[in-house]
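> Just dropping this structure here.
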Amino acid sequence: MPLDELVITRAIMESYMDKFLASLDSDVAIVGAGPAGLVCAYYLARGGARVAIYERKLSVGGGIWGGGAMFNQVVIQEEAKGILDDLGINYMPYEREGGYYLVDAVELSCALGLKAVRAGVKIFNLFTVVDVKVSGQEERVSGLVLSWTPVELASLHVDPITVGAKYVVDGTGHDAEVARVIQEKLGKELNTPTGKVVGEKPMWAEFGEKSVPECTGEVYPGLFVIGMAATACYGTHRMGPVFGGMLLSGEKAAKMLLERLKG
Ligand SMILES: Cc1cc2nc3c(=O)[nH]c(=O)nc-3n(C[C@H](O)[C@H](O)[C@H](O)COP(=O)(O)OP(=O)(O)OC[C@H]3O[C@@H](n4cnc5c(N)ncnc54)[C@H](O)[C@@H]3O)c2cc1C
7 MPLDELVITR AIMESYMDKF LASLDSDVAI VGAGPAGLVC AYYLARGGAR
57 VAIYERKLSV GGGIWGGGAM FNQVVIQEEA KGILDDLGIN YMPYEREGGY
107 YLVDAVELSC ALGLKAVRAG VKIFNLFTVV DVKVSGQEER VSGLVLSWTP
157 VELASLHVDP ITVGAKYVVD GTGHDAEVAR VIQEKLGKEL NTPTGKVVGE
207 KPMWAEFGEK SVPECTGEVY PGLFVIGMAA TACYGTHRMG PVFGGMLLSG
257 EKAAKMLLER LKG
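In terms of my numbering, the sequence shown opens at residue 7 and continues consecutively.
Rendered as structure tokens:
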């Protein structure tokens, strides 16, 4: 059968619109497809939630790809090994020292993306979240404002569009971009020690890793923080290129959100 260019274009446009419109009002909208965001999305979707991720870049995986200093191997500690098992991701124990496991960064990035999509997560790449939608007297977060990344890069004068969600998750990494919107544009206090994004402390792997899941939670009505965004919000220590805390943070947020969605 001859290929028709217009059929190809129509197929792309129609199926993309179906996917986008099906996510116009989701249970959870996650900003950022890093390790924390992808794991959170996967467990949420597996629990029956309707989940969308909006990712600024072309690819998913966030900071996974570069491993440590561009050596694309990832270290995961004992506590997070169960998540790798659950997702069927290959790892090797580090032979010189117990409790450390090595994963190929490419496998981890691809596997987290694949598992999330196969679980039903809708991932929209090339969208930059530039603002949140708020509603009600308490100005609860109830959605996201999206701009195409190329529009942002070219500083074009183009209005963004809006999607709704019962809950929003800030998985934007070090910059905690969504939490900062609450602080800077809404002028509201966050549920952190200072009421603001505290900013991460210097490196201390042991303490930093433990604190990521501990800090994971609702930082403002309707807004959860995960991964390095949680570290930044609560001002705990950075931890260097060890990724277990990111996975555990995503898993914890998914559990908390599934409980909320039930209520
Ligand atoms: C400078 C630097 C320092 C690092 N230091 C540490 C460290 O101390 N400890 C550590 O464990 N790891 C560090 N890392 C590695 C790595 O970033 C993280 O460990 C890990 O990737 C964080 O996972 P995450 O899921 O929280 O966020 P990330 O992997 O950073 O993923 C966040 C994702 O959100 C996307 N995003 C951000 N803003 C928006 C937006 N507005 N709209 C849409 N998408 C958005 C990004 O494109 C990215 O894909 C560092 C990385 C860098 C670049």
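Cβ coordinates follow ideal geometry from the N, Cα and C atoms, glycine included.
Do three or more CB pairs link the region 64-82 to the region 104-114 at distances below 8 Å?
Contact between the region 64-82 and the region 104-114 is present, because at least three Cβ pairs lie under 8 Å.
> So, for S217: in the same chain, excluding its five sequence neighbours on each side, which residues have a beta-carbon less than 6 Å away from its beta-carbon?
In the sequence shown, residue 217 corresponds to position 211, counting from 1. Contacts found: T242.
> Quick one: which unbroken alpha helix (DSSP H) runs of 4-plus residues sit fully inside the region 39-77? Chain order, please.
Listed in chain order, the complete alpha helix (DSSP H) runs (minimum 4 residues) inside the region 39-77 are 41-52.
> Taking a contact to mean a Cβ-Cβ separation below 8 Å, would you say V66 touches I129 in this structure?
Taking the sequence shown and counting its residues from 1, one reaches residue 66 at position 60. Taking the sequence shown and counting its residues from 1, one reaches residue 129 at position 123. Cβ atoms of V66 and I129: closer than 8 Å.
> Given 7 Å as the limit, tell me if F77 has its C-beta closer than that to any heavy atom belonging to ligand 1.
Working through the sequence shown from its first residue, we reach residue 77 at position 71. No, the beta carbon of F77 sits no closer than 7 Å to any heavy atom of ligand 1.
> Can you tell me the Cα-Cα spacing of E265 and P219, whole angstroms?
Taking the sequence shown and counting its residues from 1, the one referred to as residue 265 is at position 259. Taking the sequence shown and counting its residues from 1, the one referred to as residue 219 is at position 213. Those two C-alpha atoms are separated by around 17 Å.
> Using the Cβ count rule (16 or more neighbours within 10 Å means buried), how would you classify D33?
Indexing the sequence shown from 1 puts residue 33 at position 27. The residue in question, D33, is buried, as its Cβ has 16 or more Cβ neighbours within 10 Å.
> How many angstroms separate the CA atom of L263 from the CA atom of Y22?
Residue mapping note: residue 263 aligns to position 257 of the sequence shown, counting from 1. Residue mapping note: residue 22 aligns to position 16 of the sequence shown, counting from 1. Approximately 27 Å between the Cα atoms of the pair.
> I'd like the list of long-range same chain contacts for P166, defined as Cβ closer than 6 Å, with 5 residues on each side in sequence excluded.
Taking the sequence shown and counting its residues from 1, the one referred to as residue 166 is at position 160. Contacts found: V136, V151, L152 and S153.
> Within 7 Å: the Cβ of P41 and any heavy atom of ligand 1?
Within the sequence shown, the letter at position 35 stands for residue 41. Flag set: Cβ of P41 near ligand 1.
> Just mark A17 as buried or exposed, buried being the case when its beta carbon has 16 or more other beta carbons within 10 Å.
Working through the sequence shown from its first residue, we reach residue 17 at position 11. By the 10 Å Cβ count, A17 comes out exposed.
> Can you check whether the CB of G205 is closer than 8 Å to the CB of A238?
As a first step, residue 238 must be located in the sequence shown, where it is residue number 232. As a first step, residue 205 must be located in the sequence shown, where it is residue number 199. Yes, these two residues count as a Cβ contact at 8 Å.
> Which residue spans inside the region 203-238 form an unbroken alpha helix (DSSP H) run of at least 4?
Counting only runs of 4 or more, we get 211-221.
> If you drop the 5 nearest sequence neighbours on each side, which residues of the same chain put their C-beta closer than 6 Å to that of K139?
Along the sequence shown, read from residue 1 onward, the residue named residue 139 stands at position 133. Result list for K139: S148, G149 and T168, in chain order.
> Which same chain residues, not among the five before or five after C46, have their C-beta less than 7 Å away from its C-beta?
Mapped onto the sequence shown, residue 46 falls at position 40. Excluding residues within five positions, the ones whose Cβ falls inside 7 Å are I36, V175, G177, I232, G256, A259 and A260.
> Taking 7 Å as the cut-off, is the CB of D181 close to at least one heavy atom of ligand 1?
Here residue 181 refers to the residue found at position 175 when the sequence shown is read from its first residue. Yes.
> So the candidates are L132, P199 and E190; which of them puts its Cα closest to the Cα of K63?
Sequence index remark: in the sequence shown, residue 63 carries index 57 (1-based). Comparing Cα positions, the closest option is L132.
> Counting along the chain, where does the alpha helix (DSSP H) carrying D176 start and finish?
For this step, residue 176 is matched to residue 170 along the sequence shown. D176 -> not in any alpha helix (DSSP H); beta strand (DSSP E) instead, spanning I167 to D176.
> Within the region 98-174, note down every full beta strand (DSSP E) run reaching 3 residues or more, in order along the chain.
Listed in chain order, the complete beta strand (DSSP E) runs (minimum 3 residues) inside the region 98-174 are 106-110, 128-131, 133-141 and 146-154.
> With a threshold of 6 Å on Cβ separation, who are the neighbours of G119 within its own chain once the five nearest residues in sequence on each side are excluded?
For the purposes of this step, residue 119 is taken as residue 113 along the sequence shown, with counting starting at 1. Same-chain partners within the cutoff: V66.
> How many angstroms separate the CA atom of Y60 from the CA atom of T134?
For the purposes of this step, residue 60 is taken as residue 54 along the sequence shown, with counting starting at 1. For the purposes of this step, residue 134 is taken as residue 128 along the sequence shown, with counting starting at 1. Approximately 7 Å between the Cα atoms of the pair.
> Taking only heavy atoms of ligand 1 into account, decide whether any of them is closer than 7 Å to the Cβ of G177.
Residue numbering aside, residue 177 sits at position 171 when the sequence shown is read from its first letter. Yes - ligand 1 has a heavy atom lying nearer than 7 Å to the Cβ of G177.
> DSSP puts A35 in a beta bridge; with which residues?
Along the sequence shown, one-based indexing puts residue 35 at 29. A35 pairs with A58 and V174.
> Among the residues of its own chain, which have a CB less than 6 Å from the CB of V225, if the five just before and after it don't count?
Here the question's residue 225 lines up with position 219 in the sequence shown. Hits under 6 Å: A185, L196, N197, V231 and C239.
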